[in-house]
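Visitor: 8 is the number of the first residue of the sequence shown in my numbering; add one for each residue after it. Positions of the beta carbon are idealized from the N, C-alpha and C atoms, including for glycine.
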Amino acid sequence: MKNELGRKPTGANVKRKLHSFLQIIRNLLISKYLKKRKLSLQSTNFLILMVLEGTNVAIT
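(1) Tell me the rounded alpha-carbon separation between Lys42 and Asn20.
(2) Just to confirm my understanding: we take Asn52, look at its own chain, exclude 5 residues before and 5 after, and list those with CB closer than 8 Å. What are they?
(3) To the nearest angstrom, how far is it from the Cα of Ile5 to the Cα of Met57?
(4) According to the Cβ coordinates, are Leu29 and Leu59 closer than 8 Å?
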């Protein structure tokens, strides 16, 4: 996989893209959970944060 300049993407770039991808997923999950369970935003955010922390550890 190469970017426009023909260089392979750096680790930081990949992490940034992955992070924004995770943000999108997080937002989708939050909206679904809030509709289904009427959870408070705080507790949902906390749950997602725990998941994201786990993913970050797995990535690095």
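Guide: The structure says:
(1) 33 Å
(2) Ile37
(3) Limits of the chain in this structure are 8 at one end and 67 at the other, which puts residue 5 out of reach.
(4) For Leu29 and Leu59, yes; Cβs fall inside 8 Å.
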